[in-house]
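Worksheet: the structure to be examined is printed underneath.
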Amino acid sequence: MSFILFFCNAINCAKEANIPCEKCFLVQYCSPQCRDMHWSVHRWHCECRYSDPSWRPRWDRENRKPIFSEKLDEKPKYQRYHGKTLWGTTPAVDILRLESNEGLGHNEDLKLLFYCCGDLRNVMMTVNAIPDDYTGKFKIVISDKDFDIVGRNFLILAYLIAETNVTLATENTIHLWYSAFVPESADTRIRQILNRDVEGLLARIADSSDEEMYWHS
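Per this note's numbering: the sequence shown = residues 325 to 541.
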């Protein structure tokens with residue numbers, strides 16, 4: 325039997341945690357002392373209106389259809405920041421669907437282009453659907469016309485490549501991708517990993533002899 329380890333959410337504490345916040349159960353701490361010390365930071369998340377059972381999404385309150393049900397050729401009316409669409413407007417899809425096409429036993433090399441992909445939702449869905457016993461090479465090209473979106477995608481992928489702690493990688497990537505404000509503990513960890521490893525990653529990308537990874541702008 326395997327267990328998922330959780331680490332203390334308090335700032336500057338990396339001990340294993342098994343004491344959840346008794347109000348939201350979304351974070352855990354190694355001790356009551358760390359929990360109490362971190363409350364001044366966590367209370368803004370814990371008491372957020374989204375955790376209120378009476379909360380309803382904006383499209384429901386406004387009695388309209390959600391944006392992901394709109395036609396793809398319509399311009400997004402919501403989820404925009406300074407004219408930018410920061411998140412996808414449709415649910416993620418596995419673009420390969422091997423079980424319905426080439427078959428789950430397919431082991432030939434795959435080359436995929438995600439053109440004007442926006443965020444990484446379809447990339448993640450497709451990659452995670454590849455069978456564990458796949459032995460071919462998998463080459464993906466990701467592009468978008470918006471440099472801010474490309475920059476965020478690069479940070480997410482660079483962090484995922486460099487982070488060795490699976491639990492932290494999952495939690496911190498979700499924050500980096502979706503959070504309006506990233507918790508200080510996550511921000512510290514992400515900066516620590518990227519500052520340590522991003523120069524080596526960029527060197528690999530710039531090295532034309534490395535066929536497994538390259539950067540194209």
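Idealized CB from N, CA, C, for every residue including glycine.
Treat the numbers as computed from the prediction; the structure is a model and nothing was measured.
| Query | Result |
| --- | --- |
| Let me check understanding here. Comparing Cα to Cα, which of C337, E495, F471 lies closest to C441? | F471 |
| Helix, strand or coil for I498, going by three-state DSSP, please let me know. | helix |
| With C-beta atoms as the reference, is L434 less than 9 Å away from A482? | no |
| Three-state secondary structure (DSSP) at V465? | strand |
| So if DSSP puts K435 in a beta bridge, which residue, or which two residues, is it bridged to? | K463 |
| Given this structure, state the Cα-to-Cα distance separating V451 from D418, to the nearest angstrom. | 8 Å |
| Using alpha carbons as the reference points, say which of Y502, I485, P507 lies closest to R520. | I485 |
| Using CA coordinates, which residue listed in E523, W501, T491 is at the minimum distance from N333? | T491 |
| Look up E340 in the DSSP assignment and say whether it is helix, strand or coil. | strand |
| Can you tell which of E523, C358, F349, I343 has the C-alpha that lies nearest to the C-alpha of S542? | Because the chain is modelled from 325 through 541, residue 542 falls outside the range shown and cannot be assessed. |
| Between the C-alpha atoms of H430 and I454, what's the straight-line distance to the nearest angstrom? | 10 Å |
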